[in-house]
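Chains as they are written, first to last, in the numbering used here: chain A, 116 to 336; chain B, 116 to 336.
Think of the CB as a built atom: it goes at the ideal place given N, C-alpha and C, for glycine as much as any other residue.
Since the structure comes first, as structure tokens, the remarks are kept for the end.
There are 2 protein chains.
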Amino acid sequence: MAKKTTSSPKHRNIPEPTIARLPRYLRSFAEFAHNQHTVISSKELAGASGINPAQVRKDLAYFGQFGQRGIGYDVKTLDSKMREILGLHKAWRIALVGCGNLGMALLQYGGFAKAGFRIEAAFDVDPSKVGWELEGVRIWATPAIRQVVREKKIEIAIIAVPASQAQRVADDLVDAGVRAIVNFAPCVLTVPKSVLVRGVDLASELEHLTYFLEKSNRTEK
Amino acid sequence: MAKKTTSSPKHRNIPEPTIARLPRYLRSFAEFAHNQHTVISSKELAGASGINPAQVRKDLAYFGQFGQRGIGYDVKTLDSKMREILGLHKAWRIALVGCGNLGMALLQYGGFAKAGFRIEAAFDVDPSKVGWELEGVRIWATPAIRQVVREKKIEIAIIAVPASQAQRVADDLVDAGVRAIVNFAPCVLTVPKSVLVRGVDLASELEHLTYFLEKSNRTEK
DNA sequence: TTCTGTGAATTTATTCACAGCA
DNA sequence: TGCTGTGAATAAATTCACAGAA
Chain A
116 MAKKTTSSPK HRNIPEPTIA RLPRYLRSFA EFAHNQHTVI SSKELAGASG INPAQVRKDL
176 AYFGQFGQRG IGYDVKTLDS KMREILGLHK AWRIALVGCG NLGMALLQYG GFAKAGFRIE
236 AAFDVDPSKV GWELEGVRIW ATPAIRQVVR EKKIEIAIIA VPASQAQRVA DDLVDAGVRA
296 IVNFAPCVLT VPKSVLVRGV DLASELEHLT YFLEKSNRTE K
Chain B
116 MAKKTTSSPK HRNIPEPTIA RLPRYLRSFA EFAHNQHTVI SSKELAGASG INPAQVRKDL
176 AYFGQFGQRG IGYDVKTLDS KMREILGLHK AWRIALVGCG NLGMALLQYG GFAKAGFRIE
236 AAFDVDPSKV GWELEGVRIW ATPAIRQVVR EKKIEIAIIA VPASQAQRVA DDLVDAGVRA
296 IVNFAPCVLT VPKSVLVRGV DLASELEHLT YFLEKSNRTE K
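Written out as structure tokens, the structure is:
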């Protein structure tokens, strides 16, 4: 029986939850490497990321056979493989739209740089901010999005503007050729399905918690 | 046949993904109410939040029968019910630990206030920041966490310190009686299971996107 | 008729449990 | 022996499809 064409180690497609866990594994590798571990078992990795060991093994096995039976996984190899899988071997070109409090924080936030991401251009509607340079990043006027994003070949955009303006900004970004968006505005964006969107709603994280706190208050009574 | 004891409209417990969607519905209600809609159907709500209509109905039905067959849901009623379910009818006492770039942004971030959350106290290790007041919120020294959190009866904490310090901060918070934590540090926190933790890793959102971008680059070739 | 509420069917994800290799 | 890789079993979430109320 002929095998189906397969470009990746596993031809079936990877479950979303698995992809969402990869960055967590990556953090764990850094931690283990820092503590001079050269090898980790699925059990250790599971412990460090609060996940079932079988789940860890299955997640990793989607991408190839990285482990050694009886031994475990080589931390360095796994770290390198995982970076490759997540596409972190190249420097992605990122833009930030909205330099309010949140935008400013994201611009200065060390976590992006540490993970290897660099913001190439920032945008804001406020004329008093335009022209400034912060953390080596020039702030442009929002109407310049189409031109600048296209010129700089920006691939990923972070939206940190009020919800009322988010869709318009997204339209411009898409028009300028952006391929993915992280949206911090609390609204759903409509974009062509070739463009990827991930929404991050900070307030909803708190609401998720208050749901459980409220529930435990109720059942306690 | 005797009915099983049931405190909530539905006695089975609510799926996690359902809870995660509730805040999204809440945003939609606000939007529909703003556009003078008094009634919405599951289809409209689904369209606005990018979810299957049957899913919307099932989600809402976990909490009671809020709709009218043939008509739809009353926006105001649903909004109010949803706020009650999420525990948003009371003002939760929140603390912020870490007033670096991200912490400062969260302190000033309008989204929390808009959702009805208010930060009562902030903490930082930097002595030059201690004593300042920002957005009406006093910044305390980090070692004061135990005392201030206890005195102010803080229930929820937001951690925005470097990963290396996050666990220590979490220990202090737990010790001071905090019941839930939103953790922005890219690490897993160990806390008693009575304490709720939600991790938000901003870099991992980007990594999630680069995974798909990288993959589409590969398959395009 | 329209649209909700919900069992049943389906799809998807997690966990188990063990064969196979170092 | 110890630990991976993975089919099989289980659990969970989503979607279908339709009965029932306005």
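At a Cβ threshold of 8 angstroms, is Asp194(A) touching chain B?
-> If you number the first sequence from 1, residue 194(A) lands on position 79. No, no contact with chain B.
Excluding five sequence neighbours on each side, which residues of the same chain lie with their C-beta closer than 7 angstroms to the C-beta of Val154(A)?
-> Indexing the first sequence from 1 puts residue 154(A) at position 39. Hits under 7 angstroms: Ile186, Gly187, Tyr188, Asp189 and Val190.
Nearest residue (CA-CA) to Glu131(A), options Tyr177(A), Pro168(A), Glu146(A) and His152(A) = Translated into the one-based positions of the first sequence, residue 131(A) becomes position 16. Closest option to Glu131(A), Cα to Cα, is Tyr177(A).
Pick from Arg208(B), His152(B), Ser319(B) and Ile166(B) that is closest to Arg265(B), judged by C-alpha positions | The residue given as residue 265(B) occupies position 150 in the second sequence. Ranking Arg208(B), His152(B), Ser319(B) and Ile166(B) by CA distance to the CA of Arg265(B) puts Arg208(B) first.
Would Tyr326(B) count as contacting chain A if we go by Cβ distances under 8 angstroms?
-> Indexing the second sequence from 1 puts residue 326(B) at position 211. Taking Cβ atoms only, chain A reaches closer than 8 angstroms to Tyr326(B), which makes this a yes.
Taking the alpha-carbon positions, what's the His152(B) to Arg142(B) distance?
-> Here residue 152(B) corresponds to residue number 37 of the second sequence, with the count starting at 1. Here residue 142(B) corresponds to residue number 27 of the second sequence, with the count starting at 1. Answer to the nearest angstrom: the Cα atoms are 14 angstroms apart.
Against chain A: residues of the stretch 242-257 of chain B by CB proximity under 9 angstroms = none
Decide if Pro258(A) is buried, meaning its Cβ has at least 16 other Cβ atoms within 10 Å, or exposed.
-> Within the first sequence, the letter at position 143 stands for residue 258(A). With fewer than 16 other Cβ atoms within 10 Å, it is exposed.
Sort Gly292(B), Ala230(B), Asn150(B) and Val212(B) by Cα distance to Ile269(B) and report the nearest one.
-> Here residue 269(B) corresponds to residue number 154 of the second sequence, with the count starting at 1. Nearest option by C-alpha distance: Gly292(B).
Close-in-space but distant-in-sequence residues of the same chain around Asp290(A) (CB under 8 angstroms, 5 per side omitted) = Reading the first sequence from its first residue, position 175 is the one you call residue 290(A). The residues are Arg261.
Using only alpha-carbon positions, find the residue among Glu146(A), Glu159(A) and Ser164(A) that is nearest to Leu137(A).
-> The residue given as residue 137(A) occupies position 22 in the first sequence. Taking only the C-alpha atoms, the option nearest Leu137(A) is Ser164(A).
Selection of the stretch 285-304 of chain A by Cβ proximity to chain B, strictly under 7 angstroms = Answer set for the stretch 285-304 of chain A: Arg294, Ala295, Val297, Pro301, Cys302 and Val303.
Taking 8 angstroms as the CB-CB cut-off, is His126(B) touching chain A?
-> Locating residue 126(B) in the second sequence gives position 11, counting from the first residue. Summary for His126(B): the model assigns pLDDT 48, below 50, so the residue's position carries little reliability; its value from the coordinates is reported in the next sentence. Cβ-Cβ to chain A under 8 angstroms: no for His126(B).
Gly314(B) - containing beta strand (DSSP E), residue span = As a working note, residue 314(B) is residue 199 in the second sequence. From DSSP, the beta strand (DSSP E) with Gly314(B) extends over Leu311 to Gly314.
Can you name the residues of chain B whose CB is closer than 7 angstroms to the CB of Gln223(A)?
-> Working through the first sequence from its first residue, we reach residue 223(A) at position 108. Residues of chain B whose Cβ lies closer than 7 angstroms to the Cβ of Gln223(A) are, in chain order, Asn216.
Starting from the beta carbon of Arg142(B), find every residue of chain A whose beta carbon is closer than 7 angstroms, and list them in chain order.
-> For the purposes of this step, residue 142(B) is taken as the residue at position 27 of the second sequence. Result: Pro301 and Cys302.
Checking contacts by CB at 8 angstroms: is Val315(B) closer than that to chain A?
-> Within the second sequence, the letter at position 200 stands for residue 315(B). With 8 angstroms as the cut-off, Val315(B) counts as an interface residue toward chain A.
Please go through the stretch 254-328 of chain B and give each complete alpha helix (DSSP H) segment of 4 or more residues, from N-terminal end onward.
-> Counting only runs of 4 or more residues that sit fully inside the stretch 254-328 of chain B, the alpha helix (DSSP H) segments are 260-266 and 278-290, in chain order.
Leu324(B) beta carbon less than 8 angstroms from that of Phe232(A) | Along the first sequence, one-based indexing puts residue 232(A) at 117. Along the second sequence, one-based indexing puts residue 324(B) at 209. In this structure, the beta-carbon distance from Phe232(A) to Leu324(B) does not fall below 8 angstroms.
Phe144(A) (DSSP reduced to helix, strand or coil) | Working through the first sequence from its first residue, we reach residue 144(A) at position 29. Phe144(A) falls in the helix class under three-state DSSP.
Check the Cβ-Cβ distances between Phe227(B) and every residue of chain A, and say whether any is below 8 angstroms.
-> Residue mapping note: residue 227(B) aligns to position 112 of the second sequence, counting from 1. Yes, because at least one Cβ of chain A sits closer than 8 angstroms to the Cβ of Phe227(B).
Taking 8 angstroms as the CB-CB cut-off, is Phe181(B) touching chain A?
-> As a position in the second sequence, residue 181(B) is number 66, starting the count at 1. So, not an interface residue.
Against chain A: residues of the stretch 255-285 of chain B by CB proximity under 7 angstroms | Glu270 and Ile271
Rounded separation between Ala285(A) and Asn128(A) - CA only | As a working note, residue 285(A) is residue 170 in the first sequence. As a working note, residue 128(A) is residue 13 in the first sequence. Each residue's Cα considered, the two are about 28 angstroms apart.
Can you give me the start and stop residues for the alpha helix (DSSP H) that Asp194(B) sits inside?
-> For the purposes of this step, residue 194(B) is taken as residue 79 along the second sequence, with counting starting at 1. Looking at the DSSP string, the run of the alpha helix (DSSP H) that includes Asp194(B) is Val190 to Ile200.
Is any beta-carbon of chain B found at less than 8 angstroms from that of Ile134(A)?
-> Here residue 134(A) corresponds to residue number 19 of the first sequence, with the count starting at 1. Chain B, which has a Cβ nearer than 8 angstroms to the Cβ of Ile134(A), makes this yes.
Contacts that Pro130(A) makes with chain B (C-beta to C-beta distance below 7 angstroms) = Residue numbering aside, residue 130(A) sits at position 15 when the first sequence is read from its first letter. The premise fails here: Pro130(A) is roughly 13 angstroms from chain B at the closest Cβ pair, so nothing lies under 7 angstroms.
Is there contact between the stretch 202-220 of chain B and the stretch 191-200 of chain A, where contact requires at least three CB pairs shorter than 8 angstroms?
-> no
When DSSP labels each residue in this structure, what does Arg184(B) get in the three-state scheme?
-> Taking the second sequence and counting its residues from 1, the one referred to as residue 184(B) is at position 69. Looking at Arg184(B) - three-state DSSP - the assignment turns out to be coil, as it is neither helix nor strand.
Using a cut-off of 8 angstroms between C-beta atoms, extract the partners of Ile200(A) located in chain B.
-> Reading the first sequence from its first residue, position 85 is the one you call residue 200(A). Here the neighbours are Tyr326 and Glu329.
Cβ separation of Ala318(A) and Ala169(B), assumed to be a contact under 8 angstroms, to the nearest whole Å | Taking the first sequence and counting its residues from 1, one reaches residue 318(A) at position 203. Taking the second sequence and counting its residues from 1, one reaches residue 169(B) at position 54. In fact, because the Cβ distance is near 27 angstroms, the residues do not count as touching under 8 angstroms.
Tell me whether Asp241(A) sits in a helix, a strand or coil according to DSSP, three-state version.
-> As a first step, residue 241(A) is located in the first sequence; it is residue number 126 there, counting from the start. Coil.
May I ask you to list the residues that DSSP assigns as paired with Leu249(A)?
-> Stepping through the first sequence from its first residue, residue 249(A) is reached at position 134. BP columns for Leu249(A) point to Val252(A).
Can you give me the Cβ contacts of Ser331(B) inside the same chain, cut-off strictly under 6 angstroms, excluding the 5 residues immediately before and after it?
-> Looking up residue 331(B) in the second sequence gives position 216. Excluding sequence neighbours, Ser331(B) sits near nothing in its chain.
Of the residues Val171(A), Pro242(A), Phe144(A) and Ala161(A), the one placed nearest Glu195(A), counting alpha carbons only | To locate residue 195(A), count along the first sequence from 1; it is residue 80. For the sequence presented, residue 195(A) should be read as Ser rather than Glu. Nearest of Val171(A), Pro242(A), Phe144(A) and Ala161(A) to Ser195(A), Cα basis: Phe144(A).
Alpha helix (DSSP H) containing Ala169(A): first to last residue?
-> If you number the first sequence from 1, residue 169(A) lands on position 54. Looking at the DSSP string, the run of the alpha helix (DSSP H) that includes Ala169(A) is Pro168 to Ala176.
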